[in-house]
Structures are given as C-alpha cells and as structure tokens.
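To start, the structure itself, in structure tokens.
Protein chains: 2
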Amino acid sequence: MSEEREISVNLKDGSSYTICVAKGALATIGEKVAALKPCRTAMIVSDETVGPVYATLVKKRLEEAGYEVYDALVPSGETSKSVEIASELWQELAQRQLCRDDLLVAVGGGVVGDLAGFVAATYMRGIDFVQVPTTLLAMVDASIGGKTGVDLPCGKNLVGSFHQPIYTCADTRCLRTLTDEDWANGFGEIAKSSVVCSERSFYEWLRDHAEDLCAHDDQALEEVVARTAEFKAKVVEQDATESSGIRECLNYGHTLAHAIEAAAGYGEIGHGRAVAEGMRFAARLAVQVLETDTDFVAKQDALLDSLGLEELAWTCNPDRLLKLMKGDKKARGGAIRFVLPHDFTSWELVEVDDDLLMVHLSAWCEAKEKLVEAG
Amino acid sequence: MSEEREISVNLKDGSSYTICVAKGALATIGEKVAALKPCRTAMIVSDETVGPVYATLVKKRLEEAGYEVYDALVPSGETSKSVEIASELWQELAQRQLCRDDLLVAVGGGVVGDLAGFVAATYMRGIDFVQVPTTLLAMVDASIGGKTGVDLPCGKNLVGSFHQPIYTCADTRCLRTLTDEDWANGFGEIAKSSVVCSERSFYEWLRDHAEDLCAHDDQALEEVVARTAEFKAKVVEQDATESSGIRECLNYGHTLAHAIEAAAGYGEIGHGRAVAEGMRFAARLAVQVLETDTDFVAKQDALLDSLGLEELAWTCNPDRLLKLMKGDKKARGGAIRFVLPHDFTSWELVEVDDDLLMVHLSAWCEAKEKLVEAG
C-alpha cells in the first residue's frame, strides 16, 4: 500500500470520521473498522458488477478482523436506487437479525452508496455504515456529504436521509476497472470542485496534472482524490444538512447539467460530461451577468478540454431545457438560480430571469446544432 | 377553547417545539402553524376513520390561514405502517410537487403519526411536520419523542428515523370518539409514566383522579395529557435518539407486554392492557431481584385496577414467552433486560438470567390459567 492520506471530517454535531485515500487502502479496512466499531455482524451491500471483485475482498478483510459478514448484491445501475430494492435490503438485514449496533458496508459507486446509506440511515432508525467508493465519482463526490437516498418513478433522489458514514475507504486501485464514462464522471466533478474551491492552488494543480490524470497515473490519482474529497468535506462540515447556502457551490454546472441529462434521457449523456457542459454555459452566463472576465472562460474551457471533457455535440429545443430547469426541485417557485463564477475561487448564487436565460439557451442550442452538423 | 397548556420541548441540538394541550386546541392550529412556517403547501395524512372528521377540520383551519392543502387518507390500522403505504405517500407528495420547504401534517393515532412522520423524515431528505394526535395514546406517548417508522413483514418498527415535529396540537375534544380499547391503551402508558416519573406527585395525582379519568372528565383529561406529555418530553430532551440509557424507563412493562402481544397475535390484546400486565409482572420480579417492597406492588395493582386495567385473563406457554422476549430486538445477544422499579420514582435497568425469569414466567402463566378457568 502507498502512504495513506487521511482526511478528517468534523461535523458540527460533534461527530467526526476519517476518509482514507491510498492505493491499496482496502488491505487494512478490517483492522480500521474493527478499531472503530467492535460489533459482531456486518452486511456488505454491493452491485453485481463490482461485488464479485471488491465486495469479496472487503468481506475477507472484515472476516479476518473477526466479523460475521453477510453480503447482498443488487443489480448494477441507477434502477437499483428504488424503494423496492431498499425494501429488499431492509428485509435482508432483519432476516439476518442485524441489530442497531451492527454495521452496513457499501462497496460500489454512487448508486450503491446512496442506496445502502439510505438503508443504513433507516434500518432500526439508523445503524452505522462504512463507505467503500469504487468509482472516481464516488470517491470525490457521492461518498462524501452524507446525502443518501433512492429515486421515485417521478424523480431522482426524492426519498432519502442525511446520514454520515463512520469511515470511508477510497482505494485508488479500484479505479483500474473503470470505463471511459466513469472517468469522465469523476473528472467532471473534480473540475467543478477546482473552480469553486476557495484555494486557487487546486485549479493550478489540476491544470498542471491533467495529462497525468488522463494517463491514470497512480500518484496523481491519489492526490486528486484527496484534494477533491478534502474540498467537499470542508464544505459539508459547514453545512451537513444543506440548511445554509454554503453547499450551493457544489451545484456549479449542475443546473443545465440536470436539464441536459433529463432531455437526453438518463444515462444517454454521462453526468460528468453534462456537468462540464453546464460549467461552460454558466461561465458564459457569468460574463454577462457578473461581468466575469472572458479570460476565465477560456481557462476553464482549456481545463475541461485537457481532462477529456470536450464540448458536447448534442442539442435540443431551448424551451424544453428551460421547462426542465423549472421542474428541477431546487428551482420551484420563481426564477432559476445559478452558481455563477466571478473567477476561480469566487462565485455567487444568482437568480437569472427567464428572458435572459432563454437568450443564452437559444445561443447555446444554436452553437450545439452547428457542432452536431460539423460532427 | 379551554385555557391552553403549552409544553416546550427543548432538544439538545438546539431545536425546540411546543406541544399544545387544550380542549378545542384545533381551533387555532392554522394561525399557530402559519406563525411557525410561512410555506405555501401542506399535505395532511390521516386515516379513513378519523380523517373524515378531524383531517377535514384541520384542512379548513390551514386553508383559512392561507395554505394550499392536500390530503391523503390511508386505511385504518397497523397494516398501514408499511413500506408500500409510505411509498404511495412519497409519490403523492412528489406528484403534488411539495418541496423541501413545505409541510406535512399527521392527523390520527400512533399509526398515522409514525407513518407520516417517517414519510416527512425522508421525503427530500426531510421536511417539517406537525403532529395532531387524536387518540389518548398518541397524545401522551406516540406523538412525543420523534420516533417515526413503519413495519416490515418480519417485525414492527424495523424501518424508521428520528424526526421531531415542529408543533404538536393535542385537542382533547378528539378523545370523544375513542373506543374502550383506545382508552385502555392511553391509560396503560399513563400509568407506566406515573410509576417511573421522577416526581411522586404524578402518581399521587393519578391515583386521586383515576375515577375522573374513567368518567372522561374534561379537566382531568387535559391535566393528564399535559402531565404525561411533559414527563415524556423531559425524558426525550435528554436523549433524543435513544443513544444513552435515559429513555429506557419508557420501556417499563414493555418487555413482557411485547411478548404477550406477539403470542396472542397483534391486535388481540391491546397494547395498554399488555403494558399494565407487564408492569404487574415487573413489579413482582423487582420484589425478588431488587427487594422492592410488596407495598409498592399492591399500590401499583390498585392504580391499574382503578384505571380499568384489570389483570389479564389470558395465558400461554412460558417457554413461548421467553422465546419471544429473546427475539425482541432490544434483548438480542444476552440476558433479557427489564426496567424494574425500586418504588415509585426510582427504577433500574436489570439483566435477568433465563432461569430466574422462567421461574417467574411459569408462576405467572399458572396464575393466569386459574384466572382463565375462573373467568
């Protein structure tokens, strides 16, 4: 195992936990968890893709540390974030007689973490859980912040809880099995974080190491996971339940991204690419609304390009995008709010009225159309 | 409306809310809630028994206060505390486009409060809710403490959250429609509270007013709801998430009660009568284990008798009761724990080994058998 980086997340309610980042970190998960939680039984929740590889390894380590370990595999993909699958897991926990002092371990990407975290948050009114994120996106974003939940047929993440893990183990060795789309999803959130992070050194580091990251260099990956996780942890520390506005910065690029993903049909355009596109759009909007320097826009474009997050060659009707933004739960009841950057490290939450937004959306759709035709 | 009693519940996380107790308190619920929560939309959840009466009244008051109000009625009875019904309510909230700033109002007994509270705790990771308990049991027990949840096929309350209401309105006028069983359920928890409450004056007041209560005297009812709610609120203030042992006293009488209810088949023997029987049993166990004075046992028996909670004429195999106690989630992994009284106001959590417990259970079953034969 490479040297571990430990990020401490200190929540306002007095609780805290550690995110461990290292290549090979899973080797010590048994002893780490046992030191935190001397319980008898653990249930691992994973999916059918990563379970046979990583859940099996985690199970072995926990058993060596003295746990009785059960595991449950759910189908891979977003459809597992459902009340029905949560219900099966609750029943599995009950049938295995896990009690309030026992442990749930989520091994997988964001879907598994959100689902298993929600099940842990609500089984017997809350049992402890450990996150083992296996995708880049989960390591830098989904596993941090305590947001857990499942989807309803009529909308994503409509049912859930805030529930923090007691330990998160990000083993960058798990990244070896990622698809190109998985990498793009991670890079999208990393790029976003580097722009809104209050320390400019994050952006500069990312700009200087984009090539290493695209080559999946071990050291660069560990560094970027640690930097991004630490950034998000700091934000979450200040606002664990999304009750102040501090967490808003995490939505940079997401207003348009959600609309693009919905318009294209979920899964058609990856989240990371949609976020990157949303960042390009928001930066241009900021030039008009906040008089942000066009130099910032160019730098951000270059950063996204260097991470392989090129402009989307996809378009749709601007009215449809506006309608989808209006339907987004964060936007209901008024003008649509955007996180708009002044520059790197400095942003503002701005309400943008529909007319102005339509001008920008129309221009965007037109530009996209040309890109599609050229494509 | 009679003079309101307001009980303030101050939780350790800094939040607080008010329980309002009065005959006719529902008359002002609209203005009270509007002062707390200037939102646009509220969803009332009630059941098919009380909904047509009380939910209709609450709806009217909220509409007068400026809310847009939807309502959802679930079937009456424990079977509505299911994941399936919760899922229907989540979808109803989503279809009505309620957002995180909106409000859910639970109008009914413990089943409705637990179910609707859980839905509120988890819809969009938690929206505010108001409790309008309409049974005596819900007013003095179920609506206080933030425990929300639903049942699984294999066990009660296995899925849930801790989620405190922002306001509770206990209108004793709602008690007029209660059944004898409903009264017994309330009196059981009231009697329990009076025994473990740290102030002896509660027991003495209850002893002196049992007759008035059985006659459903308005003033006595308001007083007992306020006293019992205040007692439970004080306990909950010290331990909102059941993480210290302070809340254990609330389980007085419940160890045997749960086993009796399960052995008889849920719904066959009311919760209040089962709790009263559990108190009688625990008091006798305390005489042996803690050398509790037999005078206490006699006084407690007299109190229960005076509240119409006579000894149960029902028996079963003692082995079965022991097995059910062992299966109770609170008892797993060792000797069974009982809240045992030294006297009024003073209790202790005691592990009772199986052999001693079987001696007492056998004696209890034998005594019950005679009662059944005599009956």
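Chains A and B supply the protein sequences, listed in that same order.
Heads up, our numbering is the position in the first sequence plus 77, with the first residue counted as 1.
Heads up, our numbering is the position in the second sequence plus 77, with the first residue counted as 1.
For every residue, glycine included, the Cβ atom is placed at its ideal position computed from N, Cα and C.
Proximity test, Cβ basis, 8 Å: residue i and chain B
i: THR199 (chain A); result: yes
i: LEU438 (chain A); result: no
i: ARG202 (chain A); result: yes
i: PHE373 (chain A); result: no
i: GLY187 (chain A); result: no
i: GLY222 (chain A); result: no
i: VAL301 (chain A); result: no
i: GLY322 (chain A); result: no
i: LEU235 (chain A); result: yes
i: SER93 (chain A); result: no
i: LYS406 (chain A); result: Residue placement at LYS406 (chain A) is poorly supported in this model, since its pLDDT is 49, which falls under 50; the coordinates still yield a value, given next. So, interface residue.
i: GLY452 (chain A); result: no
i: GLY143 (chain A); result: no
i: SER238 (chain A); result: yes
i: GLY226 (chain A); result: yes
Neighbour flag for residue i against chain A, beta carbons, 8 Å
i: SER157 (chain B); result: no
i: PHE206 (chain B); result: no
i: ASP316 (chain B); result: no
i: ASP90 (chain B); result: yes
i: PHE308 (chain B); result: no
i: ASP363 (chain B); result: A small fix is needed here, since residue 363 (chain B) is Ala in this sequence, not Asp. It does not; no Cβ of chain A falls within 8 Å.
i: LYS114 (chain B); result: no
i: GLN241 (chain B); result: no
i: VAL122 (chain B); result: no
i: GLN377 (chain B); result: no
i: ASP160 (chain B); result: A quick correction: the sequence has Val, not Asp, at residue 160 (chain B). Interface residue, yes.
i: TRP167 (chain B); result: yes
i: SER383 (chain B); result: no
i: LEU229 (chain B); result: yes
i: SER164 (chain B); result: yes
Proximity to residue i [Cα-Cα], best of the options
i: VAL366 (chain A); options: A:LYS224, A:HIS437 and A:HIS293; result: A:HIS437
i: ASP148 (chain A); options: A:ALA111, A:VAL98, A:GLY154 and A:PRO129; result: A:PRO129
i: ASN87 (chain B); options: B:GLN315, B:ALA336, B:LEU426 and B:LEU255; result: B:GLN315
i: SER271 (chain B); options: B:ASP259, B:TRP260, B:ASP285 and B:GLU258; result: B:ASP285
i: GLU388 (chain A); options: A:MET356, A:ALA317 and A:GLU161; result: A:MET356
i: CYS116 (chain A); options: A:GLU81, A:LEU181, A:ARG82 and A:LYS89; result: A:LEU181
i: THR156 (chain B); options: B:TYR343, B:LEU434 and B:ALA353; result: B:TYR343
i: TYR329 (chain B); options: B:GLY185, B:THR249, B:MET216 and B:GLY265; result: B:GLY265
i: LEU398 (chain B); options: B:SER320, B:PHE358, B:SER383 and B:LEU417; result: B:PHE358
i: ALA111 (chain A); options: A:LEU386, A:ILE243 and A:CYS393; result: A:ILE243
i: ASP382 (chain A); options: A:GLU446, A:LEU290 and A:ARG173; result: A:LEU290
i: TYR144 (chain A); options: A:GLY154, A:ILE162 and A:MET120; result: A:MET120
i: HIS293 (chain A); options: A:SER321, A:GLY185, A:THR249 and A:GLU83; result: A:THR249
Test item: CB-CB of residue i and residue j under 8 Å
i: ASN262 (chain A); j: LEU192 (chain A); result: no
i: LEU401 (chain B); j: ALA340 (chain B); result: yes
i: ALA104 (chain A); j: SER79 (chain A); result: no
i: ARG202 (chain B); j: SER238 (chain A); result: yes
i: ALA461 (chain A); j: GLU108 (chain A); result: Residue 461 (chain A) is absent from the structure shown; chain A starts at 78 and stops at 452.
i: ALA390 (chain B); j: VAL449 (chain B); result: yes
i: SER164 (chain B); j: VAL188 (chain A); result: no
i: GLN455 (chain B); j: ALA363 (chain B); result: As displayed, chain B neither begins before 78 nor continues past 452, which places residue 455 (chain B) out of reach and without an answer.
i: GLY194 (chain A); j: THR245 (chain A); result: no
i: ILE267 (chain B); j: VAL313 (chain B); result: no
Residues bridged to residue i (per DSSP)
i: GLY185 (chain B); result: B:PRO210
i: ARG200 (chain A); result: It is worth fixing the name first, because residue 200 (chain A) is Tyr in this sequence and not Arg. TYR200 (chain A) pairs with B:VAL236.
i: VAL227 (chain B); result: B:VAL236
i: ALA360 (chain A); result: Partner(s): none; ALA360 (chain A) has no beta bridge.
i: LEU252 (chain A); result: Paired residues: none, contrary to the question.
i: ARG414 (chain A); result: A:GLU428
i: CYS97 (chain B); result: B:GLU83 and B:CYS246
i: TYR147 (chain A); result: A:MET120
i: SER159 (chain B); result: B:ASP228
i: LEU180 (chain B); result: B:ALA119 and B:ASP205
i: SER423 (chain A); result: A:ASP420
8 Å contact criterion, which residue i and residue j should meet: CB distance rounded
i: TRP167 (chain A); j: VAL236 (chain B); result: 5 Å
i: VAL146 (chain B); j: VAL196 (chain B); result: 16 Å between Cβ atoms; not a contact.
i: ASP430 (chain A); j: ALA444 (chain A); result: ASP430 (chain A) to ALA444 (chain A), Cβ: 22 Å. No contact.
i: ALA375 (chain B); j: ILE96 (chain B); result: Their Cβ separation, rounded to whole angstroms, is 34 Å, which puts ALA375 (chain B) and ILE96 (chain B) out of contact at 8 Å.
i: GLN241 (chain B); j: SER92 (chain B); result: 7 Å
i: SER275 (chain A); j: THR422 (chain A); result: 5 Å
i: THR199 (chain B); j: THR199 (chain A); result: 7 Å
Partner residues on chain C for residue i, Cβ-Cβ distance less than 7 Å
i: GLY232 (chain B); result: Looking for chain C here will not work: the only protein chains present are A and B.
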